[in-house]
Structures are given as C-alpha cells and as structure tokens.
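Have a look at the structure below, then the notes.
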Amino acid sequence: MKQIAILGAMTVAGLSAGAVSAGTLDDVKARGKLNCGVVTGLVGFGAPNANGEWEGFDVSYCRALAAAVLGDPTAVEFIPTTGKTRFTALASGEIDVLARNTTWTFSRDVDLKFDFIGVNYYDGQGFMVPKELGVSSAKELDGATVCIQTGTTTELNLADYFRKNNIDYEPVPIETNAEAQPLYLEGACDVYTTDASGLAATRAAFENPGDHVVLPEIISKEPLGPAVRHGDNDWADVARWTLNALIAAEEYGVTSANVEDMAAQAGDSPEVNRLLGTEGNLGEMLGLDADWAKRAIAAEGNYGEIFEKNIGENTPIGLARGLNAQWTEGGLLYAPPFR
Amino acid sequence: MSDTHAESVAYVRDTMLPQQPPPASEAGAVKWMRENLFSGWFNTLLTLVSLYFIYQIVTGAWPWFANGIWTASSLAECREILGGQTGACFSVLTERWNQLLFGFQYPSDQYWRPVTAFVLLIVALAPVLYPKAPRQLLVVTALYPFVAFWLIWGGTLLAPLVALIGVAGGYVAFKLVEHQSFAMGAFAGLVAALVIWVLGGFVSGSAENVLALQPVPSRDLGGFMLNMILGTVCVSLSLPIGILLALGRQSSMPIIKWICVIFIEFIRGVPLITLLFVANVVLAYFFPPDANIDLVLRVIIMITMFASAYIAEVIRGGLAALPRGQYEAADSLGLDYAQATRLIIMPQALKISIPGIVNVAVGLFKDTTLVSVISMFDLVGMIRGPILASTEWNGVYWELWGFAVLLFFIVCFSISKYSQWLERQLATDHR
C-alpha cells in the first residue's frame, strides 16, 4: 500500500513537471524534428506504405505542421500510439502533438489536460448491416448482435442510443477494426458499428461491398482533431493556425499547385496575402517566419487536397465531404479570419 | 546319448529350415496399419472419420493454395485476377515480406546486417548447444553479443569494443582475486569492468565515426527481427539472473533471501502485459522528457525481469529435487559454497530443470508478440497495424496470419525438438 502511495506521489510529481516545462515550440526548433503521435494503422488516416513512409489524412497534418515550423515536411518523427498509450505519450512529453483521429470530448479536454486545437474531421457513429437482413433503419435492430470496439466512445454511445430507443441488443466485444472485419463477414455479429469513416473504409475492403449497407442513422458526434498539452499556448497557437491555414487555403483557392505563384508577390486578395505572408506580419506573431503558411500548404496541399488524396471519393475508401465541406458549401469547416 | 533313439526314430532333420518372410498381413505397411489404424471396430471407425475430415480439409484448402496470386499489387487486383474463384492473395507477402521480417523503418540497403547477425547467431549457438561442435567456436560465442549489437544498431565499433574490453578486464580481475574467495573475485571483476566502461565511454563518445555503420535507432527495429532480438536477448539474460535468484531464495542470509522472494513473487503476480505498459507508459513520467531511455531497452529489461522470475522458480524446483546427500557430499569434500554450487549442485539441478526452462523460453518467445500492444511493430504489430491498415491490403487475413504462424512454429518447434534431444543426451538418471 505504501509502495502504491509512493508511486502515486511520483506520478503526480512527474505530471506536474511535464505541465510546467513550457516552450514546446523552442524545443521542436532546437531538436529540428517534430515528434508527432499517430495511429499504429488506420486505413486512409495513417499507415506506412510499402516503402515505409507514413501517409494518410492525419499524417499529412503532421507534415504540414513540420513544414510550417521547421521548413521541412519530412522533419517528422512519427511515433505510433495505440488507443491506450496515446494520452500518456502526449502528457509525458514524448510527443509534441497528437494527430490520431481522437474525439474531442469534455473530459479529455478538461480533465486530462489537453488542448484540442480544432477539428480536422467531423465523424459520427453509424451502423453497417448485410443487405440480406433487409434492415433499413437502426430502430429495426431489436435483438441484433452488434460487433463493437471496447474502451471507445462508440461503446457508450451505442448503449445510450439503444436504451433511449428501448431496443435489446447483444454486444460482441472486439479490439480493433481489423478484427471486426472477419467477424462481421463470418456472421458472428449482425451489425458492425463504429465511426462512419471507419465503416466506409471497412466496407470498401469487402469482396462484395454492394452486399452491405450503411444505415442512415448517425448516433453520435465524433469531432476528430489534433491535440497538444494544456498550458503551452504558444505551441497550441502554432498547431491551431496551421490547421486553420490548411482549411482557409481551400476556401480561398490556394492549392499546392499555385501556392508558389500566389506567394511570390502580393495579389489582390488581402486575406490570401496575409495568409501567405506577402502582407502583414502574422508569421512573426506566431514566432515563425512570414512563409510559414505557404510551406504548410505546399507540403501536402490544402485541406481539400489532403482529403481527396487520402480518403476522398477517388480513393478506395470513397468518403464524401459531407459535414467536412467548407461552410460555403454547406459543411462545418469554418476557419476564423486571418487578420 | 545322441544315438540312444537312433534306431527308433525314422527321420531326424539335421538342418535348419530357411527363414520365411512373414505373411503379408504381418509385415510392412499392412501390419502397421492393421495394428495402429484398424485394430478393432472402434478404432477403424475413428480412422475412417479422421480420414474423411482430412480429405475435406485438404480438398477445401487446396484450391486456395493452388490458385494463390503472387504478383498482384493490391487485394482488389487479386480479386480481379481470381474473378470470383477461391484463391489466396500471397502477393501481400511478396510485396511486404521485408516489412514482416525487418519492420518498415529499417533501411532496406542495410538488411544484410540483421541477416548476418542471424547467421552468426547460429554459429555462436552451436558450441553452446552441441557438445560435439568444435570448442574453438566458443570464441565466436563470447564475441557474438558485441558483434550483433554493432551489426543491428550500427554506430561506431568502439562502443561494443569498450564493452567487450570491460568484460574481459572484469574477467581478468576476477581470476586474479579468485583465489581469495569467489565473492571477492566477483566484486573485483565488477569494479574493474565499471572503471573500464566509464573511461571507455568517454573515448567512444568522442569518436563516433570510427568504423561506423549507419546507426539505426531502436524505434526503427521491427518485424520478426524484433521478436528474435527480444526472445534471444531476454532468454539468455534471464538464465543467469534466474539462477542467481533461485540460489538467493535458498540462501540462509535473510536479507538476500527476502529480496529474492519479494522480487520473484511480485513479478510472478503481475501479468507481462502490465509490465510492458509500465515500461512504455509509466516510466516515461519518471524520466525528464529529453532523457529518452530507449523503448526497446525498457522492454528488454521488463521481459527479462519477468522471465528470470519464472526461470528462478523452475531452477528452484531442480534444486529441491536434489537429494540432501549431494549437498552433504560437497561439504564433506571441503568445497566452499561457490565451488559446491558450481561443480556439484548446479550441473545436476540444471539438468533436471531443462524441460521447465525450455517451456519458459518457448512461452517467452511467443509472449514477445505482446509488444504490439504498446505500439511496437513486431511481426504481429506489423500485421495488425500498418499492413492491414494500408488501402491496398486491408482485408487480407489468412495469408498474413498464416505466415506469422509458420515463422513462430518453425522456431518454437526447433527449440522443443532440441530440448528433447538434449534430455536424451543427458539421460544418466535412474530408470
């Protein structure tokens, strides 16, 4: 018991020591590398390719951030984290930023002492069923067996939703998406539920995707976003505005193809000029140089390009923009003004 | 005598009949089958049922193997080529074999290094495992840890060289002082080694490019190579530690005994996965953020602690099985504790413990796959993470897991076969 108390005291001391050490931006610059926590593997969002290079939707954000801060999109040390190790890795300072499809929730933000710097993907929990069941709504799932990942928010959402609608179900706990696929296909469960993006990716990998339907109900809000440690606002600002720059670039039509031209001299759009540093001193305010946003956009493209390249409709995953369209096109992406 | 009845007997055979071959039903395959497969109606029934199942499995699995696609670049392409037939998509193995074996970050032009280390491992193990191998090979065994470290992690040759000199210096010091007492010798050896390491650390730290291979950080190790490294290092480290713990637990000195008992019972009371989480997650809180203690090193320490606690208990079993008379005989010869243990007790106790030790070793080797849970990319981690999460190969299961099963089976089965052979070699017991 005493041992536990000592361990606990040391943990608390370690935690507070981690929180005190500010200046992540300076640390990253001094190190010359960005330590970016990513997923160990999630289709479209982050995985190494055949050459061992990381690629994916979340990975692109890391590269953009590294380009903005260090001027080199390859100056990233990708540190793979699992759902269980991600928060300690961030809190202990092992990683500078966590870009790992993590849902922004109250307790993670407030209690675990992280700052979510924005939302890079608006997701929500959905259901997939085989077509032959003839189910067209989640409300018809009475008595179904449901494959569900344990220890995630999806598990709690499911319980809430089915209780609210007075539906009986039998959960089949699984650990990862990769395990769910064969179980679902073999008929161990009637329904598979996880984030809609995950459902789309899973369904796309099936031999006959047409035999399965994703039900229209989305039963939860899952805003996924990068997170940094609480209390280091300078670094949080850099991370936040890099993401905003990618989103704003799409809104203003700045792409990786034309960013060099647009940044060469001030154009007639003041917003673009301020974003790309041909006007004003936004970069200086962040503690970076004037070209920071140009480099971030040049790294992997603006938000729309990153989306299309990794998870968009032309990829095997084939996600529609949906909620993740710009606000001008009916979506939720809305970057605050660069001013 | 012989001709007593000579007149009364009509005919006496005076030559042996030539030996006849046994009847067809009593020889060869027919006999074997009759005795082993059809020796009664019940066994016949079982045989037929088994044959039916084997037939079903083989005919069911054969098209899957035979139609296997080896050249496609993605699962979708595999399915296109197969056009609805059953067939495996072995292309994932041909495209990602290097990631499965070495992890995805090990520089591909340096693959010769772990391969060399693996070949040398076999050479280094030969004199330890086979008494008939030439004794000169023991030199390779002694040098192997340092060479293997240099090959796999790279960097300057000076670092492992300093470590080697330290060990050698420690051994010389031990030999010089040993005649006083074993404990004094061990202490002198330890001091000498530490002095050399500290002094040598300055030298090798300042000359990082002398005979340097491209350094590979631990984080970049992966695949089956990582399982092999963890398995080999942890088993070989945990054997001596386990022996010391087992002896310590039997010691008559109370403090040493209590320390050993508490260590063993604590470690055995905790699941390995918990220790791994501690290595990955909790230890990070205790070190300052920039003091980046190598993750692989942390994991090796934890797995070694775990394995040595188990091996200690196995060896304690061996010690307990020795008759009391062996200890007394050693005492009556005037041997001191170190001599008696080294020359009389341990050789017998270890022989009894072999099956248990091998059991722990095989279990430990398979347990190394648990590191995939703390986001290290060993063979299982590579499959579960990057490969199944790539857009090309999302959905390939049997081929990948089959490959993993094959690799692990080869290693574990060889260990098991070896231990059976060794037990027969050492079978001097009282049957």
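In order, the protein sequences belong to chains A and B. Mapping to numbering that gives the first Met the number 0: the first sequence position 268 is 267, numbers consecutive. Mapping to numbering that gives the first Met the number 0: the second sequence position 90 is 89, numbers consecutive. Glycine included, C-beta positions come from ideal geometry on N, C-alpha and C. Just so you know, these numbers come straight off a predicted model, no measurement behind them.
- The shortest C-alpha to C-alpha distance from Y251 (chain A) to any of A:R294, A:Y333 and A:L287 is the one to A:Y333.
- One thing to note: L210 (chain B) has its Cβ within 9 Å of the Cβ of L156 (chain B).
- The stretch 269-280 of chain B and the stretch 230-247 of chain B do not touch, with fewer than 3 CB-CB distances between them shorter than 8 Å.
- The CB of L41 (chain A) comes closer than 7 Å to the CB of A388 in chain B, given here in chain order.
- If the five residues before and after N66 (chain B) are omitted, its C-beta is found closer than 8 Å to the C-beta atoms of L81, Q84, T85, G86 and A87, all from its own chain and listed in chain order.
- Chain order gives no chain A residues near F402 (chain B), where near means a beta carbon separation below 8 Å; the closest approach is about 15 Å.
- Within chain A, the residues A204 have their CB atoms less than 8 Å from the CB of L74 (chain B), given in chain order.
- When DSSP reads this structure, P170 (chain A) sits in a beta bridge with A:V145.
- Residues of chain B whose Cβ lies closer than 8 Å to the Cβ of N48 (chain A) are, in chain order, S389.
- Of all residues in the stretch 81-98 of chain A, those with a C-beta nearer than 7 Å to a C-beta of chain B are T81, T84, T87, S91, G92 and E93, reading in chain order.
- From the listed residues B:V202, B:D366 and B:I255, the smallest Cα separation to I228 (chain B) is found for B:D366.
- Proximity of Y284 (chain B) to chain A, defined by a Cβ-Cβ separation below 9 Å, is satisfied.
- R85 (chain A) and Y110 (chain B) have their C-alpha atoms spaced approximately 31 Å apart.
- Just measuring C-alpha positions, the residue of A:E283, A:L242, A:A289 and A:L285 sitting nearest A263 (chain A) is A:A289.
- Per DSSP, the continuous beta strand (DSSP E) segment holding I78 (chain A) begins and ends at V75 to T80.
- Judged by their CB atoms, A98 (chain A) and P225 (chain A) are nearer to each other than the 9 Å cut-off.
- Put simply, of B:N226, B:V379 and B:K350 the residue whose alpha carbon is nearest the alpha carbon of L421 (chain B) is B:K350.
- Between V357 (chain B) and S415 (chain B), the beta carbon gap of about 7 Å places them in contact (Cβ cut-off 8 Å).
- Under the Cβ criterion (8 Å, minimum of three pairs), the stretch 329-346 of chain B does not count as touching the stretch 211-224 of chain B.
- Neighbours of Q104 (chain B) in chain A, taken as residues at a C-beta separation under 7 Å, are given in chain order as G51.
- Near chain A, meaning a CB-to-CB distance below 8 Å, the residues of the stretch 73-95 of chain B are L74, A75, R78, E94 and R95.
- For I173 (chain A), the closest Cβ of chain B is not nearer than 9 Å.
- A straight-line Cα-Cα distance of about 18 Å links A235 (chain A) and A247 (chain A).
- Fewer than three beta-carbon pairs drawn from the stretch 17-27 of chain B and the stretch 145-163 of chain A are found closer than 8 Å, and the two stretches are therefore not classed as touching.
- The beta-carbon of G45 (chain A) is placed less than 9 Å from the nearest beta-carbon of chain B.
- Bounds of the beta strand (DSSP E) holding E221 (chain A) are E221 to R228.
- Under DSSP, N34 (chain A) forms a beta bridge with A:E76.
- Taken through DSSP and simplified to helix, strand or coil, A65 (chain B) comes out as helix.
- Taking 9 Å as the CB threshold, P385 (chain B) lines the interface with chain A.
- Less than 9 Å separates the beta-carbon of L242 (chain A) from that of I116 (chain A).
- Taking a contact to require three or more Cβ pairs closer than 8 Å, the stretch 103-111 of chain A and the stretch 170-190 of chain A do not qualify as touching.
- With respect to G55 (chain A), G43 (chain A) sits close: the two C-beta atoms are nearer than 9 Å.
- Contacts between S374 (chain B) and chain A, judged by CB atoms closer than 7 Å, involve T39, P79, T80, T81 and T84 in chain order.
- I305 (chain A) is outside the set of residues whose beta carbon lies under 9 Å from a beta carbon in chain B.
- Taking a beta-carbon distance threshold of 9 Å, E76 (chain A) counts as an interface residue toward chain B.
- A238 (chain A) has a beta carbon lying at 9 Å or more from every beta carbon in chain B.
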